[in-house]
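Right, one structure below, let's go through it.
Residue numbers (our numbering): 568 to 996.
Structural data, given as structure tokens:
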């Protein structure tokens, strides 16, 4: 081959290489655009963006940045537990007892106590660190009394909730707001994230005649509001009319799940241990009263369910046939060490989450209930689900074998009306 021929051959090779390189880049661009335009792709893009977003400042951090100005000169009672921490890991109690111009008179705790580790009624006590009285609002009383509130002119609430109607921390907040309103005591909420996001609303609305400590106000099961936004809704819609002040977060957005906040996850209660469990919790917890272990007393509460009378493979197979969005089911027997069916072998099913943003746990819960009723009509008591589901129509439809998809569609009108209401109380985009 001549020198000229060799040069031409190499030039031709480079031209071919450039052609294929350009082609690959174009294909990659098209694929990326297609991914971004798909629901899952949009979620991936948002997740990537959120990883680079500023760390969320919770209400306590904001209050500290303001040098506690809203509370100066006040004698306060603090409603909190182990989840009340600032960005440095300092507790709300420590921060407020050392705040200039602020005098802490007493502490109050919700279900599970100050340490968040008790699964029973909690007695009042004394805080060994601060020496302050600690009044339990999950013991002899669910509300602060005159004696407990003596000398207090402001209450401060700082507790991480679960974003679910039947989680009792929200009722404790509301009861304290009511008592504060009666006595002209100011009420401050140090806001914290809804751990399962502020966009998704699902589940049936609570029937008007079913309010209780596990259902304070007429909400769907999953309401998509922060604890501060919920306080505003309670105050206006339930006509509490307390002197409410919400110390809003900074850098939180409605599409954030907890792991996107940059905050450390602390289990808000003994069994709500993982972020995966928090997403599945609304749809699994409703099954327990029907006779199903939801993993309490195991290593994976709210990530599996079962009972001694269940055959895990049969249940998992039936559920997978229903193609429930973004969850898959596998047989996994377990023996709880506590709770329902303690020390008994349970035929069980573990749940795999594919995309938490697309999981609708209440839809999942209805599908599970439907399968269990069909397979085990003498063992699974769907009627007892009413306690947490809180909606007669939903339970009736389940009892007469209306398909779960139709039951869920029946919630639409109420959820649309609730959406209009909840938007009035948004503090974040």
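We treat Cβ as the ideally placed atom computed from N, Cα and C, and that holds for glycine. Since the structure is predicted, the reported quantities are computational estimates derived from the model, not experimental observations.
Hey, which unbroken runs of the beta strand (DSSP E) at 3 residues or more fall wholly within the segment 688–748?
700–703, 721–725
Taking the runs of the alpha helix (DSSP H) that are 4 residues or longer, which of them lie wholly in the segment 879–955?
879–888, 928–942
Note the first and the last residue of the continuous beta strand (DSSP E) segment covering residue 656.
Residue 656 -> no beta strand (DSSP E), and no H or E assigned at all.
Is the CB-CB distance between residue 971 and residue 937 below 7 Å?
yes
Coarse secondary structure for residue 839, derived from DSSP in three states:
coil
Exposed or buried, what is residue 674 when buried is set at 16 or more other beta-carbons lying within 10 Å of its beta-carbon?
buried
Under 8 Å: do the segment 947–955 and the segment 856–864 share three or more Cβ pairs, one atom per stretch?
yes
Three-state class that DSSP yields for residue 788 in the structure shown
coil
List the whole-angstrom C-beta distance separating residue 800 from residue 630, where the pair is believed to meet the contact cut-off of C-beta under 8 Å.
The pair is not a contact, with the Cβ atoms about 22 Å apart (cut-off 8 Å).
CB-CB under 7 Å to residue 940, same chain, minus the five flanking residues each way: which ones, in chain order?
947, 949, 965
By alpha-carbon positions, which one of 683, 745, 910, 791 ends up nearest to residue 713?
Ranking 683, 745, 910, 791 by CA distance to the CA of residue 713 puts 745 first.
Please go through the same chain and pick out, in chain order, the residues whose beta-carbon is closer than 8 Å to the beta-carbon of residue 768, but skip the five residues on each side of it.
787, 789, 790, 791, 982, 985, 986, 989
If you reduce the DSSP assignment to three classes, tell me which class residue 985 lands in.
Three-state result, residue 985: helix.
Residue from 740, 916, 816 with nearest C-alpha to residue 797
Comparing Cα-Cα distances from residue 797 to each of 740, 916, 816, the minimum goes to 740.
Residue 809 and residue 748: beta carbons closer than 7 Å?
Yes, they are a contact pair.
Excluding sequence positions up to five away, which residues of its chain have a Cβ less than 7 Å from the Cβ of residue 690?
703, 706
Identify which residue in 737, 730, 729 has its Cα closest to the Cα of residue 710.
Checked all of 737, 730, 729; the closest Cα to residue 710 is 737.
Just checking, does the segment 718–731 make contact with the segment 637–655 on the three C-beta pairs under 8 Å criterion?
yes
What do you get for residue 693, buried or exposed, if any count of 16 or more other CB atoms within 10 angstroms of its CB means buried?
exposed
For residue 972, does the three-state DSSP call read helix, strand or coil?
In the three-state reduction of the DSSP assignment, residue 972 falls in the helix class, which pools H, G and I.
Per-residue burial, residue 627 [other beta carbons within 10 Å of its own, 16 or more giving buried]:
buried
Quick check on DSSP: helix, strand or coil for residue 815?
Coil, per DSSP.
Got a sec, what are the start and stop residues for the alpha helix (DSSP H) residue 649 sits in?
That residue, residue 649, is in no alpha helix (DSSP H); it is neither H nor E in DSSP.
Ends of the beta strand (DSSP E) at residue 671?
670–676
With 16 other Cβ atoms within 10 Å as the buried cut-off, status of residue 602:
Annotation note: pLDDT 39 at residue 602 (below 50); position unreliable, no value reported.
Out of curiosity, what's the CA-to-CA distance linking residue 841 and residue 922?
So the alpha carbons of these two residues sit roughly 15 Å apart.
Taking the alpha carbon of residue 829 as the reference point, which residue from 677, 900, 760 has its own alpha carbon closest?
760
Taking the beta strand (DSSP E) that residue 873 belongs to, which residues open and close that run?
871–874
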